[in-house]
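In what follows, a structure is listed as structure tokens, so that the remarks can point back to it.
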Amino acid sequence: MFLLIVYDTERKNCAKLHKALKKYLFWNQNSVFEGTVSNAQYEEIKCILKDKCVPESHIVLYSMENEKLLNREEIGEGKGNTGNIL
Numbered sequence: 008m009f010l011l012i013v014y015d016t017e018r019k020n021c022a023k024l025h026k027a028l029k030k031y032l033f034w035n036q037n038s039v040f041e042g043t044v045s046n047a048q049y050e051e052i053k054c055i056l057k058d059k060c061v062p063e064s065h066i067v068l069y070s071m072e073n074e075k076l077l078n079r080e081e082i083g084e085g086k087g088n089t090g091n092i093l
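The opening position of the sequence shown corresponds to residue 8 in the numbering used here, with each subsequent residue numbered one higher.
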């Protein structure tokens with residue numbers, strides 16, 4: 008499934024979320040990750056995010072079974088890398 012995660016959290020928690028998510032997804036820009044994951048990985052990611060979520064944080068997960076149904080457009084210069092995860 009294709010997964011897009013956006014989050015808003017206090018500055019000191021951003022690094023923890025970034026480190027956890029980069030194992031599964033591509034960093035797209037500040038507080039935004041995306042990529043294709045298995046159902047098992049999706050559940051792992053949700054558990055990790057619930058564990059690392061601090062009060063006042065807001066995390067949104069958008070999932071889509073078929074990435075081909077998604078129309079994606081970018082305006083401006085991106086910050087992340089959509090290449091292969093090593």
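Positions of the beta carbon are idealized from the N, C-alpha and C atoms, including for glycine.
Contact check for S38 and D15: beta-carbon distance about 7 Å, within the 8 Å limit, so the pair qualifies.
A straight line joining the alpha-carbon of F40 with that of Q48 spans about 14 Å. Remark: C-beta atoms of G42 and L10 approach each other more closely than 8 Å.
In the structure shown, L11 adopts extended strand secondary structure according to DSSP, grouped into three states.
Residue burial is scored here from C-beta neighbours: L76 has fewer than 16 other C-beta atoms within 10 angstroms and is therefore classed as exposed. In the three-state scheme derived from DSSP, where H, G and I count as helix and E and B as strand, L77 is classed as coil. Closest in C-alpha terms to E63, from the list M8, N20, E74, comes N20. Out of I52, E72, H65, E81, the CA that lies nearest to the CA of K30 is found in I52. When only Cα atoms are considered, L56 and M71 end up about 19 Å apart.
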